[in-house]
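Structure first, commentary second.
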Amino acid sequence: MKVVTTLEELWEARAQLPEPVGFVPTMGYLHDGHLSLVRCAKRDNRSVAVSIFVNPTQFGPNEDLENYPRDLERDLSLLEAEGVDLVWTPTAEVMYPPGFQTWVEVEKITKLLEGKYRPGHFRGVTTVVAKLFNGVQPQRAYFGQKDAQQARVIQQMVRDLNYPIEIVVCPIRREPDGLAMSSRNTYLTPEQRKAATVLYRALTAAKKAFEQGERDADALRKIMEDTINAEPLARLQYVSCADPDTLEELHGKVDKALLSMAVFVGKTRLIDNMLVGTGKETF
Ligand code: AMP
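Residue numbers 14 to 296, in our numbering, belong to the letters of the sequence shown in order.
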């Protein structure tokens with residue numbers, strides 16, 4: 014497994030990879046969710062490249078950039094064990110050298126859901142992912158349904174900018190009690206960790222209601238809201254029942270939807286989602 018930092022090192026190592034190349038962008042502190050993407054990439058491609066970069070431009074001024082968990086040694090040994098061929102760990106100076114002034118922005122769908130509460134977040138994401146794609150030049154790139162809107166936004170960017178890259182969206186990996194795996198789960202105290210299952214419980218309750226015939230968007234949102242509000246350690250930021258394609262909030266009768274939410278447990282902001290009525294677990 015080759016580990017590179019600079020663009021020159023990356024280009025040299027990339028040129029030697031057998032094609033097709035599958036690429037998994039991450040912010041590190043890897044867990045089984047990340048590794049499931051690596052396994053999908055292994056399955057579909059002759060080579061697998063992974064990036065580890067905590068991208069400062071996708072964090073807001075009051076978010077957790079400074080505290081975001083990092084453990085490069087551990088990450089590298091996990092990736093080595095998965096048979097990854099190339100790991101790119103650029104520094105902030107490599108990605109954003111002095112004088113940097115070019116941004117990639119997807120318009121409409123980045124203003125909804127997460128975009129409402131994290132202004133500028135997706136502009137940071139699309140800019141860094143465009144730069145990662147330009148560096149790695151993969152044939153396929155793997156994203157988790159965990160960050161459903163991010164996956165949608167990247168699909169849109171690839172389409173709009175003619176990237177010759179297939180975007181593959183992989184299912185959410187969960188802990189045995191349903192909590193979606195996330196590097197941020199490490200912030201939770203044992204008591205908060207228990208309370209954090211409320212997101213899964215809320216989504217499951219709404220999904221079950223949908224499957225039993227509840228089709229009203231407001232009723233589905235209310236089921237999620239009531240479940241979250243019943244958990245004293247949780248503070249709801251938003252619940253959504255949205256069109257899976259446009260991400261616009263739905264009203265009245267729905268036949269398919271992306272159910273999603275953001276919830277604070279203590280100071281930790283958690284997100285989760287489920288698709289209903291699409292016949293698929295992912296976009
Ligand atoms: P991150 O390191 O949080 O930026 O995540 C890197 C990639 O892993 C993104 O495409 C995420 O959607 C994906 N990912 C994170 N958590 C999970 C999970 N629990 N299941 C599946 N994919 C995930």
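Yeah, the Cβ is synthetic: ideal placement off N, Cα and C, and Gly gets one too.
Check your understanding: Can you tell me where the alpha helix (DSSP H) with Leu233 in it begins and where it stops?
Key -> Annotation: the continuous alpha helix (DSSP H) that includes Leu233 extends over 230 to 242.
Practice item. Express the C-alpha separation of Ile236 and Asp65 in angstroms, rounding to a whole number. Key: The amino acid at residue 65 is misidentified as Asp; the sequence shows Ile. When only Cα atoms are considered, Ile65 and Ile236 end up about 37 Å apart.
Review point. For the region 221 to 232 against the region 98 to 117, are there 3 or more C-beta pairs whose distance is under 8 Å?
Key: No: fewer than three Cβ pairs fall under 8 Å.
Review point. Is it true that the CB of Met194 sits closer than 8 Å to the CB of Gly46?
Key: Between Gly46 and Met194, the CB-CB gap stays under 8 Å.
Practice item. Return yes when the C-beta of Gln150 is under 7 Å from any heavy atom of ligand 1, and no when it is not. Key: Not under cutoff, so the answer is no.
Practice item. Give me the Cα-Cα distance between Gly112 and Val67, rounded to the nearest whole angstrom. Key: C-alpha separation (whole angstroms): 20 Å.
Review point. Closer than 7 Å: is that where the CB of Ser196 sits relative to any heavy atom of ligand 1?
Key: Look at Ser196: its beta carbon is less than 7 Å from one of the heavy atoms in ligand 1.
Check your understanding: For Ile185, is the beta carbon positioned less than 7 Å from some heavy atom of ligand 2?
Key -> By its list of ligands, the structure shown excludes ligand 2, since it contains just ligand 1.
Check your understanding: When the Cβ atoms of the region 119 to 134 are set against those of the region 43 to 62, are three or more pairs found closer than 8 Å?
Key -> Contact between the region 119 to 134 and the region 43 to 62 is absent: fewer than three C-beta pairs spanning the two stretches fall below 8 Å.
Review point. Is the distance from the Cβ of Tyr213 to the Cβ of Thr281 below 8 Å?
Key: Thr281 sits away from Tyr213, with the two beta carbons spaced by 8 Å or more.
Practice item. Can you give me the Cβ contacts of Met108 inside the same chain, cut-off strictly under 8 Å, excluding the 5 residues immediately before and after it? Key: Contacts found: Phe66, Asn68, Val141, Lys144.
Point to revise | Element boundaries [beta strand (DSSP E), containing Met170] | key: Boundaries for Met170: no beta strand (DSSP E) harbours it, while the alpha helix (DSSP H) harbouring it runs 161 to 173, taken from the DSSP string.
Exercise for review: Could you please give me the residues that DSSP links to Met287 through a beta bridge?
Suggested key: According to DSSP, which records beta bridges pairwise, Met287 is partnered with Leu272.
**Study point:** Cβ-Cβ separation, Leu91 to Ala161 (assumed contact under 8 Å), whole Å
**Key:** Not really, about 24 Å apart at Cβ, beyond 8 Å.
Exercise for review: Would you mind working out which of Asp88, Leu263, Gly35 sits nearest His44, comparing C-alpha positions?
Suggested key: Taking each of Asp88, Leu263, Gly35 in turn and checking the Cα distance to His44, the smallest one comes out for Asp88.
Check your understanding: Quick one: does the C-beta of Lys159 sit closer than 7 Å to a heavy atom of ligand 1?
Key -> Set against 7 Å, the gap from the CB of Lys159 to the closest heavy atom of ligand 1 is smaller.
Check your understanding: Where does the unbroken beta strand (DSSP E) through Gly191 begin, and where does it stop?
Key -> Here Gly191 belongs to no beta strand (DSSP E), and DSSP marks it neither H nor E.
Review point. Taking Glu127 as the reference, which of Pro177, Pro31, Arg165, Val267 has the closest Cα?
Key: Taking Glu127 as reference, the option from Pro177, Pro31, Arg165, Val267 with the minimal CA-CA separation is Arg165.
Exercise for review: Measure the Cβ-Cβ separation of Gln152 and Val34 and say whether it is below 8 Å.
Suggested key: With respect to the 8 Å criterion, Gln152 and Val34 are classified as neighbours on the basis of their beta carbons.
Review point. Around the Cβ of Glu244, are there at least 16 other Cβ atoms within 10 angstroms (buried) or fewer (exposed)?
Key: By the 10 Å Cβ count, Glu244 comes out buried.
**Study point:** 6 Å CB neighbourhood of Leu249 in its chain, flanking five on each side removed
**Key:** Result list for Leu249: Ile241, Val276, in chain order.
Review point. What residue range is occupied by the uninterrupted alpha helix (DSSP H) comprising Phe66?
Key: Membership of Phe66 in any alpha helix (DSSP H) is not indicated, and neither H nor E is assigned to it by DSSP.
Check your understanding: Looking only at C-alpha atoms, which of Asn147, Pro184, Arg197 sits nearest to Asn175?
Key -> Each of Asn147, Pro184, Arg197 was checked against the Cα of Asn175, and the nearest Cα belongs to Asn147.
Exercise for review: Check the C-beta distance from Thr210 over to Leu192 and give it rounded, since I have them as a contact under 8 Å.
Suggested key: Confirmed, about 5 Å.
Review point. Would a C-beta distance cut-off of 8 Å place Asp268 and Gly290 closer than the cut-off?
Key: Closer than 8 Å, so yes.
Exercise for review: Would you identify the three-state DSSP class for Tyr155, choosing helix, strand or coil?
Suggested key: Assignment of Tyr155 by DSSP, reduced to helix, strand and coil, places it in the strand class.
Check your understanding: Skipping 5 residues on each side, what residues in its chain have a beta carbon closer than 7 Å to that of Asp190?
Key -> So the list reads Thr210, once near-sequence residues are dropped.
Check your understanding: To which residues does DSSP link Leu249 through a beta bridge?
Key -> Beta-bridge pairing links Leu249 to Val276.
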